[in-house]
Amino acid sequence: MCCNTRIWHSHHCILPPYVSRQIAQNGSPQQRAQALRTLSIDNTLRAIRLSSSGAPQAAKRLIPGPMVVESQKRRTIYNVKNSEALPGLEVRSEGANDTGDAAVDEAYLGLGATYDLYWDVYGRNSIDGNGMPLNGHVHYGSGYDNAFWDGERMVFGDGDGDLFNRFTISVDVIGHELTHGVTEHEGPLAYFSQAGALNEHMSDCFGSLVKQRLLNQTAEQADWLIGAGLLTDKVQGKALRSMKDPGTAFDDPVLGKDPQPALMKDFVSTWEDNGGVHINSGIPNKAFCLAAINLKGFAWEKAGLIWLETLRDSRLKPNASFLSFARLTVTAAVRLFGSGDEEQIVRDAWNQVGIKVSKERAGAPAWTPQLPKQATQPVQRKH
359 MCCNTRIWHS HHCILPPYVS RQIAQNGSPQ QRAQALRTLS IDNTLRAIRL SSSGAPQAAK
419 RLIPGPMVVE SQKRRTIYNV KNSEALPGLE VRSEGANDTG DAAVDEAYLG LGATYDLYWD
479 VYGRNSIDGN GMPLNGHVHY GSGYDNAFWD GERMVFGDGD GDLFNRFTIS VDVIGHELTH
539 GVTEHEGPLA YFSQAGALNE HMSDCFGSLV KQRLLNQTAE QADWLIGAGL LTDKVQGKAL
599 RSMKDPGTAF DDPVLGKDPQ PALMKDFVST WEDNGGVHIN SGIPNKAFCL AAINLKGFAW
659 EKAGLIWLET LRDSRLKPNA SFLSFARLTV TAAVRLFGSG DEEQIVRDAW NQVGIKVSKE
719 RAGAPAWTPQ LPKQATQPVQ RKH
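Counting from 359, one number per residue, gives the positions in the sequence shown under my numbering.
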């Protein structure tokens with residue numbers, strides 16, 4: 359790894375703060391109280407992370423070591439027993455059988471499915487590329503309406519049972535949060551404005567790919583929803599976000615209407631939500647979905663590989679814009695697959711959301727990709 363830098367871990371939550379604020383404004387007294395409590399917990403944890411980590415710095419770039427030939431998957435699940443005292447009681451470790459506790463077993467499955475996507479397809483050994491153990495902590499807090507990655511572990515609330523179900527119920531949520539860890543190690547993408555929206559976008563992309571691979575779905579078959587199953591039957595909505603149709607995931611008297619734009623002309627300028635990181639991620643999300651569907655087959659084979667290569671590109675800056683990121687995805691497509699259909703499909707996907715990538719600005723790069731040669735096809739490993 360590079361010297362003289364260190365990784366700055368943010369506190370990343372799956373439930374956007376604007377949803378909690380809408381509940382605090384529109385909900386019943388009990389719903390408002392629960393939303394305010396969730397916001398309070400999140401703000402406190404975020405402040406703790408900031409005070410312990412200092413100012414944001416560029417993430418470390420991994421230098422590949424010797425090729426690992428056997429899986430080093432190491433999962434441990436802890437039961438926090440509705441307290442806020444981490445780590446809690448260890449209740450399941452790698453290789454152990456189901457416990458009968460849905461939250462425990464869903465967390466175990468989701469951590470494993472995420473590891474397997476990165477390992478089997480991209481040859482990446484866990485979140486940091488070096489076999490990082492995956493720890494999940496369930497039953498956090500009392501009716502806590504969120505799940506988060508804090509740079510070291512995944513933590514899941516049980517939901518209030520009124521508006522939200524348990525936060526282990528959606529495997530894409532688990533893949534989303536763990537991908538924040540990948541971005542921290544491979545980035546860098548500052549968690550603000552367009553760069554922050556790209557950070558959220560990467561997590562949505564690979565969270566969806568975790569689910570698609572677990573279900574063996576092609577890009578055409580996938581629902582492209584993030585957080586399907588999280589909303590109870592009382593809520594008028596199907597998920598937290600739709601990558602295929604941003605802005606359509608929910609429209610509810612309490613949660614409000616999904617604010618995500620699908621096109622660059624509708625970009626939301628705001629100081630809230632770290633400059634709209636959960637809102638404006640809908641724009642690159644739509645581009646990725648279009649590219650994946652038009653590339654055909656399984657989305658992790660080409661679209662996922664192109665986007666992961668883009669994240670690893672040394673020219674990706676902490677304050678990257680949508681346009682600069684889009685240009686790098688096109689050059690990654692050329693680097694991986696040559697000048698042909700893949701390049702044009704990726705370029706067209708960005709054009710369709712209003713981000714124009716000219717052919718002249720998407721030339722071949724001057725560096726060699728670091729992914730395994732087998733990465734364009736699933737890598738067969740011993741488990």
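Glycine included, every Cβ here is placed at the ideal spot set by N, Cα and C.
Count the CB pairs spanning the segment 651-667 and the segment 627-641 that are closer than 8 Å, and state whether there are at least three.
The answer is no - the segment 627-641 does not touch the segment 651-667, with fewer than three Cβ pairs under 8 Å.
Should GLY696 go down as buried or exposed, given a rule of 16 or more other Cβ atoms within 10 Å for buried?
Taking the sequence shown and counting its residues from 1, the one referred to as residue 696 is at position 338. Exposed, by the Cβ-count rule.
Does the segment 623-630 come close enough to the segment 643-652 that 3 or more CB-CB pairs lie under 8 Å?
No: fewer than three Cβ pairs fall under 8 Å.
Check whether the Cβ atoms of LEU469 and ARG571 sit closer than 8 Å, and answer yes or no.
Against the sequence shown, residue 469 aligns to sequence position 111. Against the sequence shown, residue 571 aligns to sequence position 213. It is not a contact, given that the beta carbons lie outside the stated cut-off.
Just reading off the alpha helix (DSSP H) that ALA690 is part of, what are its end residues?
Here residue 690 refers to the residue found at position 332 of the sequence shown. 680-695 is the extent of the alpha helix (DSSP H) around ALA690.
Touching or not, the segment 564-579 and the segment 471-488, by the rule of three or more beta carbon pairs under 8 Å?
Touching, yes.
Kindly indicate which three-state DSSP category ALA505 falls into: helix, strand or coil?
Position 147 of the sequence shown, counting from 1, holds the residue named residue 505. Correct three-state label for ALA505: strand.
Could you have a look at GLY565 and say whether DSSP puts it in helix, strand or coil?
The residue you call residue 565 lines up with position 207 of the sequence shown. Helix.
Which two residues bound the contiguous beta strand (DSSP E) that contains LEU447?
As a first step, residue 447 is located in the sequence shown; it is residue number 89 there, counting from the start. Unbroken beta strand (DSSP E) run through LEU447: 447-451.
Given 8 Å as the limit, is there contact between the segment 594-604 and the segment 688-695, that is, 3 or more CB pairs closer than that?
Cβ pair count under 8 Å is below three, so no.
Between which residues of its own chain and ARG705 is the CB-CB distance below 6 Å, once the five residues before and five after are set aside?
Mapped onto the sequence shown, residue 705 falls at position 347. Excluding positions up to five away in sequence, the list reads VAL688, VAL715.
Excluding the 5 residues flanking VAL513 on each side, which residues of the same chain have their C-beta closer than 6 Å to its C-beta?
Counted from its first residue, the sequence shown places residue 513 at position 155. Hits under 6 Å: HIS495, TYR498, PHE506.
How big is the Cα-Cα spacing for VAL540 and ALA465?
On the sequence shown, position 182 is the one that residue 540 refers to. On the sequence shown, position 107 is the one that residue 465 refers to. Rounded to whole angstroms, VAL540 to ALA465 spans 18 Å at the Cα level.
For GLU452 and ASN709, what's the separation of their Cα atoms in angstroms?
Indexing the sequence shown from 1 puts residue 452 at position 94. Indexing the sequence shown from 1 puts residue 709 at position 351. Answer to the nearest angstrom: the Cα atoms are 45 Å apart.
Given a cut-off of 8 Å, decide if GLY605 and GLN380 are closer than it, judged by their beta-carbon atoms.
As a working note, residue 380 is residue 22 in the sequence shown. As a working note, residue 605 is residue 247 in the sequence shown. Not closer than 8 Å, so no.
Which residue's Cα is closest to the Cα of PHE749: GLY595, MET560, ALA620?
Because the chain is modelled from 359 through 741, residue 749 falls outside the range shown and cannot be assessed.
Please look up how many angstroms separate the CB atoms of LEU588 and PHE525, rounded, as I've assumed it's under 8 Å.
Taking the first residue of the sequence shown as 1, we reach residue 588 at position 230. Taking the first residue of the sequence shown as 1, we reach residue 525 at position 167. Contact flag correct, Cβ pair sits at about 7 Å.
Comparing alpha-carbon positions, which option in GLN702, PHE550, SER679 lies nearest ILE664?
On the sequence shown, residue 664 is found 306 positions in, with the first residue counted as 1. Considering only alpha carbons, the answer is GLN702.
What are the residues that DSSP puts in a beta bridge with TYR498?
Locating residue 498 in the sequence shown gives position 140, counting from the first residue. DSSP output for TYR498 lists GLY515 as bridge partner(s).
Find out if the Cβ-Cβ distance for the pair ILE641, PRO619 is shorter than 8 Å.
Taking the sequence shown and counting its residues from 1, the one referred to as residue 641 is at position 283. Taking the sequence shown and counting its residues from 1, the one referred to as residue 619 is at position 261. Yes. Within cutoff.
Label GLY458 either buried or exposed according to how many other C-beta atoms from any shown protein chain fall within 10 Å of its C-beta, with 16 as the threshold for buried.
As a position in the sequence shown, residue 458 is number 100, starting the count at 1. Its Cβ having fewer than 16 others within 10 Å, GLY458 is exposed.
Which whole runs of the alpha helix (DSSP H) in the segment 595-680 are 4 residues long or more, in chain order?
630-634, 640-653, 661-670, all fully within the segment 595-680.
Do HIS543 and ASP486 have their beta-carbon atoms positioned less than 8 Å apart in this structure?
Against the sequence shown, residue 486 aligns to sequence position 128. Against the sequence shown, residue 543 aligns to sequence position 185. In this structure, HIS543 lies closer than 8 Å to ASP486 by Cβ.
From LYS431 to LEU492, what distance separates their C-alpha atoms?
Within the sequence shown, the letter at position 73 stands for residue 431. Within the sequence shown, the letter at position 134 stands for residue 492. C-alpha separation (whole angstroms): 8 Å.
Assuming contact is defined by CB atoms lying nearer than 8 Å, are LEU686 and THR668 in contact in what I supplied?
Against the sequence shown, residue 686 aligns to sequence position 328. Against the sequence shown, residue 668 aligns to sequence position 310. Yes; because the gap between Cβ atoms is below 8 Å, this pair is in contact.
When we look at the beta-carbon of LEU447 and count the other beta-carbons within 10 Å, is it buried (16 or more) or exposed?
Indexing the sequence shown from 1 puts residue 447 at position 89. Answer is exposed; the Cβ neighbour count stays below 16.
What residue range is occupied by the uninterrupted beta strand (DSSP E) comprising ARG433?
Position 75 of the sequence shown holds residue 433. Residues 433-437.
Nearest CA to the CA of ALA649: which residue from GLU578, TRP629, ILE584?
Residue numbering aside, residue 649 sits at position 291 when the sequence shown is read from its first letter. For ALA649, the nearest C-alpha among the options comes from GLU578.
By DSSP, does HIS370 sit in helix, in strand, or in coil?
For the purposes of this step, residue 370 is identified with residue 12 of the sequence shown, where counting begins at 1. In this structure, HIS370 counts as strand in the three-state DSSP scheme.
Taking a contact to mean a Cβ-Cβ separation below 8 Å, would you say GLY515 touches ASN523 in this structure?
The sequence position of residue 515 within the sequence shown is 157, counting from 1. The sequence position of residue 523 within the sequence shown is 165, counting from 1. No, Cβ-Cβ distance for GLY515 and ASN523 is not below 8 Å.
Is the beta carbon of LEU547 less than 8 Å from the beta carbon of ASN557?
As a first step, residue 547 is located in the sequence shown; it is residue number 189 there, counting from the start. As a first step, residue 557 is located in the sequence shown; it is residue number 199 there, counting from the start. Result yes, Cβ atoms of LEU547 and ASN557 sit closer than 8 Å.
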